[in-house]
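Sequential numbering from 4 applies to the sequence shown in the working numbering.
A short write-up of the structure that comes next.
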Amino acid sequence: MKKRNKWRAGAPAAAKREKSQSRKPKALPAKRAGRKKLLRQAGTILVNGVIFKNPVVIGALGLFPVVAAGYSMENAWALSLLMLVMMTPVCLISGWLGEKVPVWVRPALVLLLSALFYLPASRLLDVVMPGASLGLGIYGPLMIANSIILSRANDYAPNHLTPAVLADSLGCTAGFCAVLLIVSALRAGWAHSLSRLGNTALQNPASYPFAGLILLGFLSALIQFVNHKRPAEGKVTP
Numbered sequence: 004m005k006k007r008n009k010w011r012a013g014a015p016a017a018a019k020r021e022k023s024q025s026r027k028p029k030a031l032p033a034k035r036a037g038r039k040k041l042l043r044q045a046g047t048i049l050v051n052g053v054i055f056k057n058p059v060v061i062g063a064l065g066l067f068p069v070v071a072a073g074y075s076m077e078n079a080w081a082l083s084l085l086m087l088v089m090m091t092p093v094c095l096i097s098g099w100l101g102e103k104v105p106v107w108v109r110p111a112l113v114l115l116l117s118a119l120f121y122l123p124a125s126r127l128l129d130v131v132m133p134g135a136s137l138g139l140g141i142y143g144p145l146m147i148a149n150s151i152i153l154s155r156a157n158d159y160a161p162n163h164l165t166p167a168v169l170a171d172s173l174g175c176t177a178g179f180c181a182v183l184l185i186v187s188a189l190r191a192g193w194a195h196s197l198s199r200l201g202n203t204a205l206q207n208p209a210s211y212p213f214a215g216l217i218l219l220g221f222l223s224a225l226i227q228f229v230n231h232k233r234p235a236e237g238k239v240t241p
């Protein structure tokens, strides 16, 4: 009787151990599925920032450097480097602080962070492209108040997880740089073709802001056409 009682007392414990052991391997596939889902969502956010929800041609953000300074490839590469070095750390810090910072303080904080990161960014720019920061003139320091950085760091980053903030900042940076490089290349080609034709009466109309606005209008129409042709499933943003 004692042996039977011992066996009965030990049976539930053994059954619990078997259940716990059988449950442990199932946690790994769930974690892997969660990671895959997170990576897939981050990829969607990244692609949206580059193409489908480009902050420049769709959101009309960051227009000033593209229109005013994006008339040469030297300016385009210099502004792209500044944007790359400044935006990602500013957005990440804003995301880590989250909602601890009051809403009315966030814009000032973002501008302060942008100004702090502009110093190493301009230093790196002079190392990579000597004299580029001086050649940009006022357009370089005005990147501190870039509306893309202000919008994503102030409105998006505090309410999202770090992977989403990282993907969004990299996507918007790549989208800004892509538009800036495309517009600058077209305007530089336009100016070069006019110089070869010997047309100096207009004094390089490609350098005027309206030329950049016209090209941005065509790019915006192209992206809108692509978005219109996309299936409904691809338009959902996590």
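Glycine residues also receive a C-beta, built at the ideal position from the N, C-alpha and C atoms.
Predicted model only: the values in this text are computed from it and were never measured.
Inter-residue Cα distance where the pair is residue i and residue j
{"i": "residue 105", "j": "residue 232", "result": "41 Å"}
{"i": "residue 139", "j": "residue 81", "result": "8 Å"}
{"i": "residue 222", "j": "residue 107", "result": "35 Å"}
{"i": "residue 157", "j": "residue 52", "result": "16 Å"}
{"i": "residue 85", "j": "residue 146", "result": "8 Å"}
{"i": "residue 241", "j": "residue 57", "result": "Any answer about residue 241 is weak, because its pLDDT of 46 lies below 50 and its placement is not dependable; what the coordinates show is given next. Cα to Cα, residue 241 sits roughly 16 Å from residue 57."}
{"i": "residue 141", "j": "residue 225", "result": "31 Å"}
{"i": "residue 59", "j": "residue 37", "result": "32 Å"}
{"i": "residue 211", "j": "residue 66", "result": "14 Å"}
{"i": "residue 119", "j": "residue 125", "result": "11 Å"}
Nearest candidate by alpha-carbon position, reference residue i, set the options
{"i": "residue 148", "options": "115, 226, 61, 129", "result": "115"}
{"i": "residue 230", "options": "181, 61, 78, 122", "result": "61"}
{"i": "residue 143", "options": "121, 150, 133, 132", "result": "121"}
Residue i burial status per 10 Å Cβ neighbour count (16 or more: buried)
{"i": "residue 27", "result": "Residue confidence for residue 27 is low, a pLDDT of 49 falling below 50, so the modelled location carries little weight and cannot support an answer."}
{"i": "residue 137", "result": "exposed"}
{"i": "residue 155", "result": "buried"}
{"i": "residue 129", "result": "exposed"}
Examine the Cβ distances between the stretch 66 to 79 and the stretch 185 to 193 and report whether three or more of them are shorter than 8 Å. Taking a cut-off of 8 Å for Cβ pairs, the stretch 66 to 79 and the stretch 185 to 193 touch, as three or more such pairs fall below it.
With contact counted as at least three CB pairs below 8 Å, one residue from each stretch, are the stretch 211 to 229 and the stretch 87 to 101 in contact? Contact fails between the stretch 211 to 229 and the stretch 87 to 101, because fewer than three Cβ pairs, one in each stretch, are under 8 Å apart.
Stretch pair the stretch 162 to 177 + the stretch 108 to 126: three plus CB contacts closer than 8 Å: No, the stretch 162 to 177 is not in contact with the stretch 108 to 126.
Under 8 Å, with one C-beta from each stretch per pair, do the stretch 35 to 49 and the stretch 160 to 174 reach the 3-pair mark? Taking one beta carbon from each stretch, the stretch 35 to 49 and the stretch 160 to 174 have 3 or more pairs nearer than 8 Å; the two touch.
Ignoring anything shorter than 4 residues or poking outside the stretch 100 to 132, list the alpha helix (DSSP H) runs there in chain order. Correct list: 109 to 131.
In chain order, each alpha helix (DSSP H) run of at least 4 residues that lies wholly inside the stretch 143 to 227: Secondary structure within the stretch 143 to 227: the alpha helix (DSSP H) runs of 4 or more consecutive residues, fully enclosed, are 150 to 154, 165 to 200 (chain order).
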